[in-house]
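Read in numbering that gives the first Met the number 0, the sequence shown has 42 at position 43, and its numbers run on one by one without any break.
Down below is the structure, laid out as structure tokens.
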Amino acid sequence: MTAATLQAPAGGSRLGEALKSPAMLLVPALGFLAVVYLLPVIDLVHISLSGPTLLGYFERVFSVPLYWDSLVRTMQISLTVSCLCLVLGYPTALLIHRSTGIVKVLISAAIVLPYFIAILIRTYAWMVLLGRNGPINKMLVALGIVSEPAQLLFNRGSVLVAMTAVLLPLMVLTLYSSISRLDPGLVRAGRACGAGPVAVFWRVLLPLTFPGIGAGFLLVFVSALGFFITPTLLGGPGDQMFAMHITQQADFATSEGFLQALAVVLLIITLAVVAVAGRFLGFSFIWGGGKLTEAAAPSSTAGVRAAAGPSLGDRVADLVGWPLLRLLGRLPAGCGAWTVRIAGGLVIAGLILPIVVVMIISFSSAIYLTFPPPGFSLRWYERFFSDSNWRSAFSNSLTVAMMSAVIAVSLGAAAAMGIVRGRFPGKSAVMLVLVSPVIVPPVVLGLSLYTLFLRLDLVGSMWGLAAAHAIGGIPIVVVIVAAALQSVDRRLEQAAAVHGASPLTVFRTVTLPAIAPGLAAATFFAFLHSFDELVLSLFLSSANLKTLPLMLWADVNYQLNPVLAVVSTLEVLFILVGVALAGPVLARSRAA
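Laid out in structure tokens, this is it:
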């Protein structure tokens, strides 16, 4: 018997152990994303470099004033929106943190629920609110501020207001997550040492939440870079953002190569921003979690901070803090609390009021959009339910969303198990690949998929559309299920295994019941993501496959009538019912 023969069983044993490793659960999701997500993006880059010269198409992008000006404008708008979200979002996050009981629940719901409503519907709501017959114009006329309705739409101001309202929940949720993790004893210690409310905020609270501020700012900035729905509907000719040129050029067959170059430019800028952010904050800011490694031994946070020296937040506070403290220290102590309440109230009104106005208009008896309605009627609901096109679009969206949710949950839940339970180097890198679709601009992803799906004859097919929507659903499922798994007590699983239960039995009897609420929430949000998806559908649908967002998009662009308010109202009610049904499940989980 040779040495090689003797060593074979050991090698086979190692292979068998590797195949049994939880890390192998990552293979299906990574394989799916490699084929349907990464390869099309790589192909997009390849096509953009196929010009007469290697960088010929890119030279055209930067040499034509139309595209250069649009790129600069996109950066300016994204930066402005990020600053507005930060200024309004921080006091709102503080308001949630300081509230208790039912007040906290109501404020949180007012922030969270609009985040789940489609961007198109929220933008449409602002079109109604700012329209010539909308409530803002009527209030301005009634107060005598203007003599006739003003033109509040189709300008930079309306774009900034609507984009800020759309992205504010993302900022508020990120900041609240950072604030809620702070030790409340630090604030009490600052006050016990004689520091006033302003000093405690500037010297304690602000520096400690600086990573959350950076994460929220960058998430909003990256999201705003790829916006085109809101500026298309609310902006004027001078408000075109870079992503809008990609959708416009997609209608021309002769733009191949140059079109891909436009998309690659936007992708490179986005990835560069994320890379810089990851350098300072760590890439975990994308999925809102810590490092995916085994827990370290407990240590003193204060000792670590002292050894590492002052943080970036501390340095910022030192740089501008004392002159500002002297100025703000002269204000009454209650000014801070009232600032938080007023800013939070404005944010809540800006998020809820447009949706409420749209729901009221859906019952209008008028044939055009006006508020308040001259009378109430169900005529627009009757028109919606009697129109075969709307019913067909609703059915298509429902079917595609269910198919997409099945794909996303099957692959994402397995990947989450592999990430949390697996032991292998480079977990953060793998997690970054899994969640990276959320940072790629949707127009870039849609264009890259169009080329692949055209070759595979999947354009205009339900399975193709469901697979495309699942690319964005998988990160949602991975993040939610991974968080649920990390909260499961590993000792329960180990105890079941010690008593002879197989890994499958341990998962079925111990792990699955514990993560069931998280899995249900992930399924609902993956379904909702697909149901609301518009950008990918614009690239991958056909005349025979119209979804509800596509129908809504066409009508918003060509005719504004209360039927659109009906569609918006039905989707809002759908989301409210889904969240209400999820409540008891989550409550039972907490009780267990």
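The C-beta atom is built at its ideal place from N, Cα and C for all residues, glycine as well.
For ILE574 against LEU112, the beta-carbon gap comes to about 7 Å, under 8 Å, which counts as contact.
Note that the C-beta distance between PHE452 and VAL458 is below 7 Å. VAL434 is a Cβ neighbour of ILE285, given a cutoff of 7 Å. Where TYR89 is concerned, the enclosing alpha helix (DSSP H) starts and stops at 64 to 97.
The segment 268 to 278 makes no contact with the segment 457 to 472, as fewer than three CB pairs between them are under 8 Å.
Sequence-distant Cβ neighbours of GLN259 in its own chain, meaning closer than 6 Å and more than five residues away, are LEU43, ILE46 and SER47. A direct Cα-Cα distance of roughly 29 Å separates SER501 from ALA404. Non-local C-beta neighbours of VAL565 in its own chain, meaning closer than 6 Å and more than five positions away in sequence, comprise SER361, TRP379, TYR380 and PHE383, ordered along the chain. Here PRO372 is actually not in contact with LEU128; their C-beta atoms are around 14 Å apart, not less than 8 Å.
When the alpha-carbon of PHE31 is set against those of ILE473, ARG507, LEU544 and THR522, the nearest one is in ILE473. In the three-state DSSP reduction, PHE226 falls in the coil class, being neither helix nor strand. Within the DSSP secondary-structure output, SER385 pairs in no beta bridge. Cβ neighbours of HIS96 within its own chain (closer than 7 Å, five residues either side excluded): TYR175, ILE178 and SER179.
The residues PRO372, PRO373, GLY374 and PRO561, in chain order, have a CB closer than 8 Å to that of ALA365 in the same chain once the five nearest residues on each side in sequence are set aside. Comparing alpha-carbon positions, the option among VAL102, VAL219 and LEU448 lying closest to ILE438 turns out to be VAL219. Apart from sequence neighbours up to five positions away, the residues of its chain that approach ALA400 with a beta-carbon distance below 7 Å are PHE526, SER529 and PHE530, ordered along the chain. In terms of Cβ geometry, VAL158 and GLY237 do not form a close pair [threshold 7 Å].
Straight-line spacing of the CA atoms in TRP201 and VAL186 works out to 11 Å. In this structure, the beta-carbon distance from VAL264 to VAL63 does not fall below 7 Å. Boundaries of the alpha helix (DSSP H) around ARG489: 489 to 497.
Annotated as distal: ALA342 and LEU83, with beta-carbon spacing of 7 Å or more. For the pair GLY50 and GLY277, the CB atoms are not nearer than the 7 Å cut-off. The straight-line gap separating the alpha-carbon atoms of TRP462 and GLY213 is approximately 38 Å. Note on PRO424: under 16 other CB atoms within 10 angstroms of its CB, so exposed under the neighbour-count rule. With contacts defined by Cβ atoms closer than 7 Å, ALA521 and VAL480 form a contacting pair.
Given a length threshold of 4 residues, each whole run of the alpha helix (DSSP H) inside the segment 123 to 171 is given here in chain order: 134 to 141. The beta carbon of ILE245 sits closer than 6 Å to the beta carbons of LEU261, ALA262 and VAL442 from its chain, once the five residues preceding and following it are set aside; these are given in chain order. Counting only the Cα atoms, TRP337 lies some 16 Å from ILE106. In the structure shown, LEU377 falls within a coil segment according to DSSP collapsed to helix, strand and coil. Inter-residue distance for ASN556 and TYR123 is about 10 Å (C-alpha atoms, whole angstroms). Setting aside the 5 residues that flank it on each side, PHE57 is surrounded in the same chain by ALA260, each with a C-beta closer than 6 Å to its C-beta; the list follows chain order. Around LEU410, the same chain offers PRO27, ALA28, PHE31 and ILE473 as residues with beta carbons nearer than 7 Å, after the five sequence neighbours per side are excluded. If you draw a straight line from the Cα of LYS426 to the Cα of SER541, it is about 39 Å long.
Measuring C-alpha to C-alpha distances from PHE538 to each of GLN248, GLY100, TYR114 and ALA92 identifies GLN248 as the nearest. If you draw a 10 Å sphere on the C-beta of LEU563, you find 16 or more other C-beta atoms in it, and that means buried.
Spatial neighbours of THR79 in its own chain (CB-CB distance under 8 Å, excluding positions within 5 residues in sequence) are listed in chain order as LEU159.
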